[in-house]
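Chains as they are written, first to last, in the numbering used here: chain A, -13 to 144; chain X, -13 to 144; chain E, -13 to 144; chain V, -13 to 144; chain C, -13 to 144; chain Y, -13 to 144.
Virtual Cβ for every residue (Gly too), placed ideally from N, Cα, C.
First up is the structure itself, then whatever we jot down about it.
6 protein chains.
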Amino acid sequence: MSKLSHIDSNGKARMVDVSAKKETNRLAVAKGAIYMAPETLKLIEDGGVPKGDVFSVARLAGIMSAKKTADLIPLCHPLPLHDVDVDLAADHNKGCVEITASASLYGRTGVEMEALTAVSVTALTIYDMCKAVDKHMKIGDIRLTYKSGGKSGTFEAD
Amino acid sequence: MSKLSHIDSNGKARMVDVSAKKETNRLAVAKGAIYMAPETLKLIEDGGVPKGDVFSVARLAGIMSAKKTADLIPLCHPLPLHDVDVDLAADHNKGCVEITASASLYGRTGVEMEALTAVSVTALTIYDMCKAVDKHMKIGDIRLTYKSGGKSGTFEAD
Amino acid sequence: MSKLSHIDSNGKARMVDVSAKKETNRLAVAKGAIYMAPETLKLIEDGGVPKGDVFSVARLAGIMSAKKTADLIPLCHPLPLHDVDVDLAADHNKGCVEITASASLYGRTGVEMEALTAVSVTALTIYDMCKAVDKHMKIGDIRLTYKSGGKSGTFEAD
Amino acid sequence: MSKLSHIDSNGKARMVDVSAKKETNRLAVAKGAIYMAPETLKLIEDGGVPKGDVFSVARLAGIMSAKKTADLIPLCHPLPLHDVDVDLAADHNKGCVEITASASLYGRTGVEMEALTAVSVTALTIYDMCKAVDKHMKIGDIRLTYKSGGKSGTFEAD
Amino acid sequence: MSKLSHIDSNGKARMVDVSAKKETNRLAVAKGAIYMAPETLKLIEDGGVPKGDVFSVARLAGIMSAKKTADLIPLCHPLPLHDVDVDLAADHNKGCVEITASASLYGRTGVEMEALTAVSVTALTIYDMCKAVDKHMKIGDIRLTYKSGGKSGTFEAD
Amino acid sequence: MSKLSHIDSNGKARMVDVSAKKETNRLAVAKGAIYMAPETLKLIEDGGVPKGDVFSVARLAGIMSAKKTADLIPLCHPLPLHDVDVDLAADHNKGCVEITASASLYGRTGVEMEALTAVSVTALTIYDMCKAVDKHMKIGDIRLTYKSGGKSGTFEAD
């Protein structure tokens, strides 16, 4: 039967020992979105507000949060990340900002939590900066879309 | 025209000065969910794994993250929170764990970002603990459902 | 029957809501000790090592740790502490360094965890600085000795 | 004469340069206990309170604190820990909860401070959760019981 | 004779007890500069690099660092800051970026360390982003230029 | 044309991917100073205040801050530093305390930001401890004086 890796045989939560894992190049990509009213999206893009700034603050918050993943997620290993990147794109048809984050490391354990954390905090920061004009924003679709490195092989999803 | 409160007249990001705001009781409630395969949900609940533990770790991570909100969200004010609570419920019809977080404070500024951060990190922690068995989980529906205190009045949503 | 304040009626861990508590002057004093070989104690005090430094580093570590209490203890409230102090005294008869820490705040909740955390981290820092010469040190006797402010009244113990 | 490794020849505190140390498997185990009234111990175990929760919160706090060791202990090196585990056992004869923590790393420096920090914060968290019913708890017996890896060889103690 | 406030009568470092201080509006402004080659300054402003971004990252880093002041400066009090702002201006005559930071709080203690920390970390961030093209940058002139609130009255300097 | 390494081709801030860099011994030395009134300098050194303490607190703050560099500087990589050292010297002719910090690592990326951060926070801590007697102190001359390791070769400056 399959097994939750963070729960030991007595049901106690624990970190997973990674000493025996091989060092390889690890890459993870995660995506998500924050949905908002058309006017909010427009305001971010050009409504008297230099487009760059909301996006620039949010991207930076996302990058910084990836470095705090082990501080936020109780059973994550502290990792000396080699790279983090966050991309943002306004999608007027869907009425959202699409967020893509990637993290990479040459090391013993995967970095999907770092990518997912970056997406989440980027979205929360956009929420924070726009909440005065729109209280109905919704953050969603946060998922892993790519993962390579490590013995479980390459994972890809939409 | 409406205005993003964190952007000043020159388009620079900044904290909003709250010195002049009145101290009142502030309460915020946020919700969200993490969607997963039926077997993953079952495994959390009873599959050889004491139900309480995944939920207990995730709830605690959520509570602790609310205290780090100002460290994660660049323009949030540091707040001496008075209360944080996180609730989890498995919903087998929707195939998800539903997350509800509340935060409260007697102070000068709202606590919706604290509640939303708690929901997000609770979801990320469930993801982390289950990712060995399910890489297709999705975090979504993160939104504010209640807010009271402060001059903008009471807000309610589903 | 008496009740653990951090566990709600369903057995879930939670922060205790302090919004309704009165602001008063809160003071807590905690004590503890680190036991070591006579030569280690002597080395700290005068063996080629300026006495002040081990004590000075350890005291500072203790003071700084009190400010991180809410980051370490999951259900502690973040508090804008007004004062922290740490005192150290070598006791050659008992073969230990005695540690006393106090914390104070004008606020809604007690500061005993801050004083106890300061004692603990002060002791750990002494351990760290002396472990190259003595691996048999033992940290003990960490307890609350004084607490005032709040509705439970004044507490005193040895 | 033996020498405190963190104090240089002028008596100034400093980190110890570990660049020249060899990478090996490092393991450390530390123990400690928190003494309390029999009713408090009973209350944790079964008194209306699901046993798992106090222990579960405390264990998690201990694990998370190990990752913060370099942030708490001024001269500790930041380490990408590979594993941390915390065990708790109620001892009714001694009237205490016994705490055992282990930490491991494939790296250049020992992890005893990480294990000792985990024990200390686990104990402080139990204290915090029970302090409303018992102000006379005492934390003690915190010591290193096992250490392997590195040129100083294997260390064992009770 | 005048007295260093953080040193007690025995020469030990300590936090200053602020419980007895009055709550008032506290404001502090600090300035500083980072000197660099003319081409580096030009590159920041318009050399293929959108001007806003280096400045935007650096400003945000400065704002966030003000919230970490009590974590960095050992004897600073943790403060729930009400406002932080950072301004940047390129000065081609002096060959530098001039940095101005302000911090404010309605509270018991001054916020000059928060403003000075924001200036310092803003400068360090500019250094980090430009160091690949200019290793001779110099950070200087960091000083307090304005302070009001508290019993020592208003302070002004260039 | 030369290029700011942290800005990608679209002008967005990002971390620089260091996965492909070689691991080598990296060393960086930075210097700086804090200028003050002669009486302030004298007070630190011998005016009723044990000389060691202001210096000891400031040095320790500098060492600890080097470990937080990646938390302060948004695009810095988290690094498991192998060594940090801070030296202080009073210069009565120049009316300042001169600060020298070094950082080292066997790893993939340089440690100049760690050394520069240590100098900055050491200076800020001296400022904090002396500000009650001297509000006209000025922090300056913060620069890199030595760097070795990595493909850009050895750098030396005054």
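In terms of residues, what are the limits of the beta strand (DSSP E) holding residue i?
{"i": "V:LEU74", "result": "69 to 77"}
{"i": "E:CYS82", "result": "82 to 93"}
Between which two residues does the alpha helix (DSSP H) containing residue i stretch?
{"i": "X:ASP127", "result": "Where X:ASP127 is concerned, there is no enclosing alpha helix (DSSP H), although the beta strand (DSSP E) it sits in stretches over 124 to 134."}
{"i": "V:VAL4", "result": "Here V:VAL4 belongs to no alpha helix (DSSP H), and DSSP marks it neither H nor E."}
{"i": "C:PRO24", "result": "24 to 31"}
{"i": "C:SER106", "result": "98 to 116"}
{"i": "A:ASP57", "result": "55 to 58"}
Taking the DSSP output, what are the residues bridged to residue i?
{"i": "X:GLY18", "result": "X:ILE85"}
{"i": "V:ARG45", "result": "Beta-bridge pairing links V:ARG45 to no other residue."}
{"i": "X:ALA(-1)", "result": "X:ILE(-7)"}
{"i": "X:GLU142", "result": "X:TYR132"}
{"i": "A:LEU13", "result": "A:SER90 and A:SER134"}
Taking Cβ positions, are residue i and residue j nearer each other than 8 Å?
{"i": "Y:ALA19", "j": "Y:GLU84", "result": "yes"}
{"i": "X:ALA89", "j": "X:LEU61", "result": "no"}
{"i": "X:ILE87", "j": "X:ALA104", "result": "Inspection of the sequence shows that residue 87 of chain X is occupied by Ala rather than by Ile. Yes, the Cβ-Cβ distance between X:ALA87 and X:ALA104 is below 8 Å."}
{"i": "A:LEU65", "j": "A:THR26", "result": "no"}
{"i": "A:TYR92", "j": "Y:SER(-9)", "result": "no"}
{"i": "V:ASP3", "j": "Y:ASP39", "result": "no"}
{"i": "X:GLU9", "j": "X:ALA52", "result": "no"}
{"i": "E:ILE59", "j": "V:ASP73", "result": "no"}
{"i": "C:VAL133", "j": "C:ALA14", "result": "Before going on, a small fix: residue 133 of chain C reads as Lys here, not Val. Contact: yes."}
{"i": "A:LEU102", "j": "A:ALA44", "result": "no"}
{"i": "C:GLY135", "j": "C:ARG12", "result": "yes"}
{"i": "C:MET22", "j": "C:ASP144", "result": "no"}
{"i": "E:CYS116", "j": "E:ILE30", "result": "yes"}
Inter-stretch contact at 8 Å, needing at least 3 Cβ pairs: the stretch 106 to 115 of chain Y / the stretch 40 to 49 of chain Y: yes
Residues of the stretch 43 to 67 of chain E with Cβ closer than 9 Å to any Cβ of chain X, in chain order: ALA56, ASP57, PRO60, LEU61, CYS62, HIS63, PRO64, LEU65 and PRO66
Cβ contact check for the stretch 119 to 127 of chain X and the stretch 125 to 133 of chain A: 3 or more pairs under 8 Å: yes
Against chain V: residues of the stretch 4 to 17 of chain Y by CB proximity under 8 Å: ASN11
Short-range partners of chain A found in the stretch 91 to 119 of chain V, where Cβ spacing is below 9 Å: LEU91 and TYR92
Residues within the stretch 70 to 88 of chain Y neighbouring chain V, beta-carbon criterion of under 7 Å: VAL70 and ASP71
Cβ-based contacts, 9 Å cut-off: residues of the stretch 126 to 139 of chain V near chain E: GLY126, ASP127, ILE128, ARG129, LEU130, LYS133 and SER138
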